[in-house]
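Protein chains: 2
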Amino acid sequence: MIEQPDLRRTGRPTLADIARALGVSEATVSRALRGSPEISEQTRAAIRRVARELGYVPNAAARSLARQTSRTLGLLVPDVTDPIHALIVAGFGRAADSRGYTVIVMDGSRDEARRARSLRTLIEHQAEGIAFCSTPIPMREAIEEIRPAHAVFIMHEGADALSPSETPLGRMRADDEHGIRLMIEHLLALGKQRFSYVNGPDIASNRLRRNAILRSLEALGIEPRIREYSTGEEQADFETVARLVARERPDALLCYDDKMALNMLDALRREEVSVPDDLAVTGFDGIPFAAISNPRLTTVIQPADLLGETAAGALFDAIENGTPPPDITLPVTLAIRGSSRRRVPESGAGVAAPQAKS
Amino acid sequence: MIEQPDLRRTGRPTLADIARALGVSEATVSRALRGSPEISEQTRAAIRRVARELGYVPNAAARSLARQTSRTLGLLVPDVTDPIHALIVAGFGRAADSRGYTVIVMDGSRDEARRARSLRTLIEHQAEGIAFCSTPIPMREAIEEIRPAHAVFIMHEGADALSPSETPLGRMRADDEHGIRLMIEHLLALGKQRFSYVNGPDIASNRLRRNAILRSLEALGIEPRIREYSTGEEQADFETVARLVARERPDALLCYDDKMALNMLDALRREEVSVPDDLAVTGFDGIPFAAISNPRLTTVIQPADLLGETAAGALFDAIENGTPPPDITLPVTLAIRGSSRRRVPESGAGVAAPQAKS
DNA sequence: CTGTTAGCGCCTTCAA
DNA sequence: TTGAAGGCGCTAACAG
């Protein structure tokens, strides 16, 4: 009768079941299963065997309670559906996995209410570290609330709202400024003169990139004048901008990110603005699809998965060694591709399919 | 001295802190905070106030232990970086959020070892429901192991390995067969005759789609003969296939999914195979980028986010009402776009709107 | 090397 | 309406 675990409510065997089956104490089982050195090989083996037979799996909640530590990380992302965020999630997850941490990914953090709920959930789950990926800065109070969990920001959102001194919150970001500068230089080398920018959502990254364009032009002695366009995520918006572009004829169109640039490429096709002949179009991010579009998209590649990994790493350091999460800026790469080349040899006859080589 | 919570190790106030501050019992606080009706308005208000002041947040681990229920769902995906999986994650997460469940997303389930670890993690966290998204079937034993958690499969992987009778595991999938059939009919209407298929990874979805092509041809009285190509995720592979295609000249190239199709489009460009004039290329999935490629990609749109939502819904039902997760097949839509048109200039096509132009 | 004893924070009878 | 007591599954001293 005392042989088989009684499978209470959850139906899962516990330490007590194993202990009972072997006539040892729970503590011994606990130690053996965790590989504590102070257990004889014999008992350890026996315990392991029974544990396997019973299909024992430790209960994370109980462990977390007893150990006062959850080995859990939280990650807030505005939208997993965005390739750049997905890459960050992947990198973050890989790093966490390799260190034995569980990560709870909370999507939809762009929405105020949902973000607040997400944050609370993470706190309830005793997340030891939280990464805010391109998420609008939680008000100062929120930052207080998450203590003693450690926090880092991935990408630029939130970076401008806190003076670095007061709260040592890490920031992992790509060197957007430098990327933009490389881009501008490239476009100038191509002889471009009339720059325009398609704004993304009104968040820090967008402001940063936009301002970087102005500053780069200025630094290079060009009068920093750019035409700006705005757009939401609607297809109609891209069409509107495309029409404006067709009329105003800038010769370089920098877009907030690759997704927008790809959409613009599509919209411009219908306005019969030929890229790159009439107009150079560039993106930002380096998402995989940008490398196979037609024409392929010139862009600034940010090491998104590395950002994720780095953020997780910074959190580990903070959790395990008390090292305050640092500010880290990762390098970017300019990928020059078909969308910003000088006129490229055409091979198709009249059909609307610009051929991009390489 | 007994006024402020003593902030033990975790630094978070507990029920006991609130109770002490007010001179009531923990039980009362617990009830009040959970809105139990048997608490006077006065005490409830006082308790709520103090809780807020102290920044109290319930401890999920403790609650889960005491309540013997975690309100947690697990989701395994092979690769969040794949747009179709990201959509599923998003839909699943949204549904869970709206019902107050926390979801733990485990990425990288294509990797055997990582998948095993992920599954274990989910069990440790007492996930009450687990969704396997396009994840190679965990051996029968694994299925036993996850009990009493409920499980569903999203997409086709795993669907063929279990006889429906023995384990009532739900399956949420799109009607791939019908999608393929619509696609074949479309291509035949275009006068295509030499069909070819680019295989995806060796998983159920791929086999299913491939076989569906054969069956559709057969059903339509065509000799079910297709040329098959294989490819990994490497760019070199796409180039190889493109070269073969350029030599063998099929007139319709169906690809396992949109990602592959988009890559093929890119590779074919360099082989100077003109799409759709020389060759129709089609995808499967209906990822957003397929709608803005050049040419735009004809594809079968599956309701990915809905699949995610539905899977979550089925799990709720199983958890809360004991309803065994059903098998659900969601309808798909054929989106006819530029990559499979007869030579026609690109017209303004809506994103997901199947064009009925002849 | 192994057992005993206390909790971790919350919930849930059962009394009062 | 509120309190007291015990327990969820595991870990962490402290004994032996």
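Respectively, the protein sequence lines represent chains R and V. Take 4 as the starting number for the first sequence in my numbering and just add one per residue. Take 4 as the starting number for the second sequence in my numbering and just add one per residue. Ideal Cβ placement from N, Cα and C applies to all residues, glycine included.
Close beta carbons around residue i, own chain, < 7 Å, minus the five adjacent residues each side
i	result
Thr326 of chain R	Asp320
Gln196 of chain R	Asp254
Ile5 of chain V	Interpretation of Ile5 of chain V is limited by its pLDDT of 33, a score under 50 that renders its predicted location unreliable; the figure taken from the coordinates is listed afterwards. Excluding residues within five positions, the ones whose Cβ falls inside 7 Å are Arg23.
Leu18 of chain R	Glu29, Val32 and Ser33
Arg246 of chain V	Glu274
Arg367 of chain R	Residue 367 of chain R lies beyond the stretch modelled for chain R, which goes from 4 to 361, so this question has no answer here.
Asn209 of chain R	Asn202, Gly203 and Tyr259
Ile304 of chain R	Gly289, Val335, Thr336 and Ala338
Val53 of chain R	Ile21, Ala24 and Leu25
Arg15 of chain V	Val60
Residues that residue i contacts on chain R, provided the C-beta gap is smaller than 7 Å
i	result
Phe319 of chain V	Chain R residues near Phe319 of chain V: none, gap ~17 Å exceeds 7 Å.
Leu68 of chain V	Ala64, Ala65 and Leu68
Gly224 of chain V	Result: empty, since nearest Cβ-Cβ is about 34 Å, beyond 7 Å.
Leu57 of chain V	Those within 7 Å of Leu57 of chain V in chain R number zero; the least Cβ separation is about 11 Å.
Phe135 of chain V	By Cβ distance, chain R contributes nothing, its closest Cβ being about 17 Å from Phe135 of chain V, past 7 Å.
Arg117 of chain V	Asp100
Own chain partners of residue i with C-beta closer than 8 Å, once the 5 adjacent residues on each side are dropped
i	result
Asn266 of chain V	Gln238 and Phe241
Ile3 of chain V	The structure shown has nothing for residue 3 of chain V, since chain V only spans 4 to 361.
Asp82 of chain V	His88, Asp110, Gly111 and Arg113
Val276 of chain V	Ala245, Val248, Ala249 and Leu282
Asp269 of chain V	Phe241
Residue i: contacting residues in chain V (beta-carbon distance under 9 Å)
i	result
Arg113 of chain R	What Arg113 of chain R touches in chain V: nothing, since even the nearest Cβ is about 12 Å away.
Thr84 of chain R	Pro86, Ala89, Leu90, Val92, Ala93, Pro291 and Asp308
Val108 of chain R	Val83, Val92, Gly96, Val106, Ile107, Val108 and Asp110
Asp20 of chain R	Per Cβ cutoff of 9 Å: no residues; Asp20 of chain R is ~16 Å from chain V at best.
Secondary structure of residue i, DSSP reduced to three states
i	result
Glu231 of chain R	strand
Thr105 of chain V	strand
Arg184 of chain R	helix
Thr332 of chain V	strand
Leu124 of chain V	Looking at the sequence itself, residue 124 of chain V is Thr, so the reference to Leu does not match. Of the three classes helix, strand and coil, the one that applies to Thr124 of chain V here is helix, per DSSP.
Asp260 of chain V	coil
Ile133 of chain V	strand
Arg174 of chain V	strand
Ala99 of chain V	helix
Gly289 of chain R	coil
Val278 of chain R	coil
His159 of chain V	coil
Thr326 of chain R	coil
Ile304 of chain R	strand
Ser296 of chain V	coil
Leu337 of chain R	strand
Ala245 of chain V	helix
Pro167 of chain R	With a pLDDT of 49 at Pro167 of chain R, under the threshold of 50, the modelled position of that residue is not reliable, and the figure given next carries that caveat. In the structure shown, Pro167 of chain R sits in coil (DSSP, three-state: anything other than H, G, I, E or B).
Thr17 of chain V	coil
Ala239 of chain R	helix
Ala283 of chain V	strand
Ser199 of chain R	strand
Ala207 of chain R	helix
Ala116 of chain R	helix
Ala152 of chain V	coil
Contacting residues, own chain, Cβ-Cβ under 6 Å from residue i (five flanking each side not counted)
i	result
Glu312 of chain V	Gly94 and Ala98
Phe198 of chain V	Ile229 and Ala255
Leu78 of chain R	Phe95, Val106, Val108 and Ala134
Gly177 of chain V	For the sequence presented, residue 177 of chain V should be read as Ala rather than Gly. Excluding positions up to five away in sequence, the list reads Gln305, Leu333 and Val335.
Leu310 of chain R	Ile91, Ile157 and Met175
Glu317 of chain R	Inspection of the sequence shows that residue 317 of chain R is occupied by Ala rather than by Glu. So the qualifying residues of the chain are Val155, Gly173 and Pro328.
Partners in chain R for residue i, counting only beta-carbon separations shorter than 8 Å
i	result
Phe287 of chain V	Those within 8 Å of Phe287 of chain V in chain R number zero; the least Cβ separation is about 16 Å.
Where residue i meets chain R, residues with beta-carbon distance less than 9 Å
i	result
Arg212 of chain V	What Arg212 of chain V touches in chain R: nothing, since even the nearest Cβ is about 21 Å away.
Neighbour list for residue i in chain V, Cβ cutoff strictly below 7 Å
i	result
Arg123 of chain R	Val60
Proximal residues of chain V, C-beta to C-beta of residue i below 8 Å
i	result
His128 of chain R	Ala63, Ala64 and Thr105
Gly14 of chain R	Arg150 and Pro151
Arg120 of chain R	Asp100
Residues of the region 302-333 of chain R with Cβ closer than 8 Å to any Cβ of chain V, in chain order: none
Where the region 147-158 of chain V meets chain R: residues whose CB sits under 7 Å from a CB there: Glu148, Arg150 and Pro151
Contact set between the region 27-42 of chain V and chain R, restricted to residues whose Cβ is under 7 Å from the partner: none
Near-chain R residues of the region 243-266 of chain V (beta-carbon distance less than 8 Å), N- to C-terminal order: Leu265 and Asn266
Chain-ordered residues of the region 87-98 of chain V with a beta carbon less than 9 Å from chain R: His88, Ala89, Leu90, Val92, Ala93, Gly96 and Arg97
Contiguous beta strand (DSSP E) assignments of at least 3 residues, all confined to the region 23-86 of chain V: 75-79
Members of the region 69-81 of chain V that neighbour chain R once the beta carbon cut-off is set at 8 Å: Gln71 and Ser73
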